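All residue numbers for the sequence shown refer to this note's numbering, where the first residue is 362 and numbers rise by one.
Here's the structure, in structure tokens; my notes come after.
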Amino acid sequence: MLDPSWAWTRPLLWVAAGALVTVLIIRSIRKDRREYQRFKRYGSTARRQRMFRRWLLESFVQFGGLFAILLLLAGFAVAPLLAKLVRWPGVSDLRRLLANSPEISAGVIIGAGLGLTLLTLFGAREARKDTALVTIGDISAMLPRNRQELVWGGLLSINAGVVEELMFRLAVPALIFGASDSSIAAVVFSVLLFGALHIYQGIVGIIGTTIIGASMMLLYAVTGTIVIPMIVHAVIDLRSLVIIPMAVHGVQRIDGVQHPFAETLVPMPAVAESGPPTDSPHEKGGSASRL
362 MLDPSWAWTR
372 PLLWVAAGAL
382 VTVLIIRSIR
392 KDRREYQRFK
402 RYGSTARRQR
412 MFRRWLLESF
422 VQFGGLFAIL
432 LLLAGFAVAP
442 LLAKLVRWPG
452 VSDLRRLLAN
462 SPEISAGVII
472 GAGLGLTLLT
482 LFGAREARKD
492 TALVTIGDIS
502 AMLPRNRQEL
512 VWGGLLSINA
522 GVVEELMFRL
532 AVPALIFGAS
542 DSSIAAVVFS
552 VLLFGALHIY
562 QGIVGIIGTT
572 IIGASMMLLY
582 AVTGTIVIPM
592 IVHAVIDLRS
602 LVIIPMAVHG
612 VQRIDGVQHP
622 FAETLVPMPA
632 VAESGPPTDS
642 PHEKGGSASR
652 L
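Printed below as a string of structure tokens:
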């Protein structure tokens, strides 16, 4: 870990920040976008699962490795940055309110849980009335299409909740704060970088993930622990990559071994049809076209 009093510490951190942005942005533009466009054309669930596995390993190694490197460089700035964030106007008021009123904290947790549940149920009901599921950004191709892909959806969600929060709520802000001594620069830079790396999802995806990143940073500052943003981030992704595909499309009923070609998802009927438990709109033929 670099010594903050060393004269070369800040210049080295700026060099590291520049290298980080250059590598991640170029990778997102040249690799992620092209790779995702290719993935959208896959019709074989075996190929889709191989790509899911590749994304999982790459994310874990890339962000996990970068987190470790940045922590070695700027780990000294994590605690001082958090100390500044908790004193921000609004953040300090929220922390004081939650600390002095445990019932409010419990109410917020319960309300958030109920809100997320109701939003999911309402979204599932509305999606069954339409021909497509409305998503924030171009992520429809990533939605699992059988029970085997659901496993990868769950693993990707949990992995994202852990490594992305460690990277973009701890390591990157610490790097920028260590280099600039500005908590505002640390927060703004990390949030914008987090959003920009979702360029493969289109402009709506960039805006949506930027807002989520800002919300996770606020949650980190208010709670004072990275664990809560990790859990919330994972739950948000699980909703998109596990709960919605199950609730709207019934993908848990589809065996990828028996149906090796991943079909385009269609909403289940609002009222379940009679038949064997394994029946689904995808297995009855003629209701979905193959990629």
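Note that beta-carbon positions come from the ideal geometry of N, C-alpha and C, so glycine has one too.
Because the structure is a prediction, the values reported are computed rather than measured.
Within the stretch 378-405, complete alpha helix (DSSP H) segments of at least 4 residues are found at 394-400, given in chain order. Looking from the CA of L458, the closest CA among V593, V583, V603 and R614 belongs to V583. No Cβ-Cβ contact shorter than 8 Å links F428 with L558. Burial state of M578 is buried, judged by a 10 Å Cβ sphere holding 16 or more other Cβ atoms. When DSSP reads this structure, F622 sits in a beta bridge with S405. When rounded, the separation of the alpha-carbon atoms in I605 and V523 is 21 Å. Put simply, the stretch 538-558 touches the stretch 382-395. At least three CB pairs are less than 8 Å apart. Non-local C-beta neighbours of A407 in its own chain, meaning closer than 7 Å and more than five positions away in sequence, comprise P621, ordered along the chain. Rounded to whole angstroms, the Cβ separation of K445 and S544 is 4 Å, and the two are in contact under 8 Å. Shown here, S543 sits in coil according to DSSP, grouped into three states, outside any helix or strand.
Straight across, the Cα-Cα distance linking G379 with A460 is about 39 Å. The straight-line gap separating the alpha-carbon atoms of R530 and S551 is approximately 7 Å. Around the CB of E525, 16 or more other CB atoms lie within 10 Å, so the residue is classed as buried. Separation of the CB atoms of L536 and L385 is rounded to 12 Å, and the pair is thereby denied contact status at 8 Å.
Three or more Cβ pairs drawn from the stretch 415-434 and the stretch 506-524 lie within less than 8 Å of each other, which places the two stretches in contact. Taking 8 Å as the cut-off, the beta carbon of G563 is found closer than this to the beta carbon of D499. Excluding its 5 nearest sequence neighbours in each direction, A521 has C-beta neighbours in its own chain below 6 Å: D598, listed in chain order. CA-to-CA, the gap between L432 and L443 works out to about 15 Å. Each of V603, M591, R508 and D542 was checked against the Cα of R614, and the nearest Cα belongs to R508. Taking all protein chains shown into account, W369 has fewer than 16 neighbouring C-beta atoms within 10 Å of its C-beta and is therefore exposed.
Scanning K401, L381, G425 and A435 for the CA closest to the CA of G539 turns up A435. Annotated three-state conformation of S366 is coil, per DSSP.
The DSSP-derived three-state label of G514 is helix.
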